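Working notes, beginning with the structure itself.
Written out as structure tokens, the structure is:
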């Protein structure tokens, strides 16, 4: 966490803000004293971090003080004041905690607290509030039996190190082989660096579904967390088409009774990997989720950061390592504290952050099961998040009522919605623009949705604007090479981003593309090139071209090739050609009855 924070010192993604509503007679001087007593009571709250010999080290200062700034604010200004309060921390300076007080009315205040995640976790926040209330009441708290540094020493003991080897072996086994990268359908192109901007959709089950889930938990010996893990896996599999998925989870990490009341960063992240088959029943998947979670908890002591290092995962600033989605179950802290004419209760504020692409959270209360879907607003629209929340709720209801149905029978949409879609597709005749070419229609779409993802492959994507610009560049090169309408250009590529630019670039140049699978036998590739009369060939690096081919060859990928160089303003301008809907769009070869492939020519109007 220290290293990641240093890579972006202006980030607030590791801040842990919370707001307390204080109603009644507040003694601000006593509150300030209580805050400082609390900070000096726990070493972790007086800890800063620095680099020594290339390694991060802790530094504990003898005495620290919190500056409690007091501001006047109206009720409708509170949200903006809270947002302004959350700022980056300098890890070199303790305390890594801030406090401010908003005076809304004479007997109504908001206490704003913010801690860096490197010194605290969610449990720490609860400890902090409870001890703050006791100190405000004037109670004498016993000295802590241990400090966080004692926990760090224990971690480095020989016996513990031996256990860590066992934990490491488990995780490396679970995460062996090719690791899946979840490819979610995005509304917006993934930015090169995560901003961690987010929002949350909150929703609840009905009482009948809550009862059905409770019955399912009792019959299967599972927890709500296990059920939500399995449901989330099904949902993600349905929208991505992937079966092997890694979902993140967290554990409190406080297995030693002596650290239960100690503030500090004990929480650890677990990587829950499961692969589901469509013929499995949900009950079978739930049992799989149960065993996956139990095994992970047995080995929860192994630090996630160490696991990432051992796996030698490439650092990608656009996403989290190992997984992009998380499932959590944690009951919200609604405890109200009453002390000396003053009540303290949590105050819900909109934080506007999301550490992952998607996080499904769940909790139980007296009203049933509450759920929330936190989403990255850089990637998804609110409409998508709300729709997906309905899908998750629908899946949870379906599997709770009948856990023995196969995964293949589970649907995200209702029968009514399916019927509506079918009627919309079959009951209306949509106008077909037969006077336009394929690339003209694409250009119109690119103009409307310039920043939306157009093509995705292996976790990388290009927006409509990027794909259009790259295809424009390629088209101009083809035109400069003398390519004209109805002439053929071979496209010898594997599925890739470059393949989409090649096809579109050929069309924009007015020519017809001839797709050729690199896995074809050399003799067949040679025949297609000769028979089609392809004057030019677009190919990828590492793909062999038949010796007999005499046309020009253009390389699409690799360093400093036409598609890898930075785009400029000229690339945004669509080239003009004399192509119309009657011109040839592509020529594709099928297996011929005489043994030789047969070329089929398709014009733009037929393709549209």
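Residue numbers (full-length UniProt numbering): 1 to 608.
The C-beta atom is built at its ideal place from N, Cα and C for all residues, glycine as well.
Note that the structure is predicted; figures quoted are calculated from it, not measured.
- Secondary structure at residue 499: helix, using DSSP grouped into helix, strand and coil.
- Pairwise C-beta distances place the segment 350–357 out of contact with the segment 304–318, as fewer than three of them are shorter than 8 Å.
- Residue 96 carries a coil assignment under DSSP once its states are collapsed to helix, strand and coil.
- In its chain, beyond the 5 residues on either side, 203, 362 have a beta carbon closer than 6 Å to the beta carbon of residue 371.
- In this structure, DSSP gives residue 82 a helical state, which the three-state scheme calls helix.
- Going by C-alpha positions, residue 555 is about 16 Å away from residue 504.
- Taking the C-beta atoms as reference points, residue 469 is found nearer than 7 Å to residue 572.
- Close CB contacts of residue 166 within its chain, under the 8 Å cut and outside five residues either way in sequence, are with 299 (chain order).
- In terms of CA proximity to residue 524, 596 leads the group 539, 596, 508.
- The alpha-carbon of residue 290 is positioned some 56 Å away from that of residue 511.
- A residue is called buried once 16 or more other Cβ atoms fall within 10 Å of its Cβ, and residue 344 is buried on that count.
- Counting the other Cβ atoms within 10 Å of the Cβ of residue 43 gives 16 or more, which makes it buried.
- The segment 455–463 makes no contact with the segment 522–542, as fewer than three CB pairs between them are under 8 Å.
- Straight-line measurement puts the Cα of residue 249 at about 39 Å from the Cα of residue 565.
- The alpha-carbon separation between residue 173 and residue 310 amounts to approximately 12 Å.
- In the DSSP annotation of this structure, the continuous segment of the alpha helix (DSSP H) that includes residue 530 starts and ends at 522–532.
- Our two residues, residue 212 and residue 373, have alpha carbons roughly 21 Å apart in a direct line.
- A buried status is given to residue 115, since no fewer than 16 other beta-carbon atoms sit within 10 Å of its beta-carbon.
- For residue 226, the enclosing alpha helix (DSSP H) starts and ends at 224–240.
- Taking C-beta atoms under 8 Å as the contact rule, residue 236 and residue 227 fail to qualify, at a distance of about 15 Å.
- If you compare the alpha carbons of 22, 17, 375, 105 with that of residue 342, the shortest gap goes to 22.
- For residue 387, the enclosing alpha helix (DSSP H) begins and ends at 382–401.
- Counting other Cβ atoms within 10 Å of its Cβ, residue 498 reaches 16 or more and is therefore classed as buried.
- The distance from the Cβ of residue 599 to that of residue 589 is about 5 Å, consistent with a contact at the 8 Å cut-off.
- Secondary structure at residue 28: helix, using DSSP grouped into helix, strand and coil.
- Nearest in C-alpha terms to residue 93, of all of 205, 517, 57, is 57.
- Going by beta carbons, residue 281 and residue 472 fall outside the 7 Å limit.
- By the Cβ criterion, the segment 259–279 is not in contact with the segment 394–403, since fewer than three pairs of Cβ atoms, one from each stretch, lie closer than 8 Å.
- Counted as a single uninterrupted DSSP element, the alpha helix (DSSP H) harbouring residue 135 occupies residues 122–136.
- If you keep only unbroken beta strand (DSSP E) runs of at least 3 residues inside the segment 423–473, you get 453–457, 460–463.
- For residue 511, there is no enclosing alpha helix (DSSP H), as DSSP marks it with neither H nor E.
- In this structure, the beta-carbon distance from residue 97 to residue 45 falls below 7 Å.
- From the listed residues 577, 233, 278, 474, the smallest Cα separation to residue 409 is found for 278.
- Closest in alpha carbon position to residue 581, among 567, 32, 433, is 433.
- The residue among 391, 40, 79, 224 with its C-alpha nearest the C-alpha of residue 63 is 40.
- Counting the other Cβ atoms within 10 Å of the Cβ of residue 453 gives 16 or more, which makes it buried.
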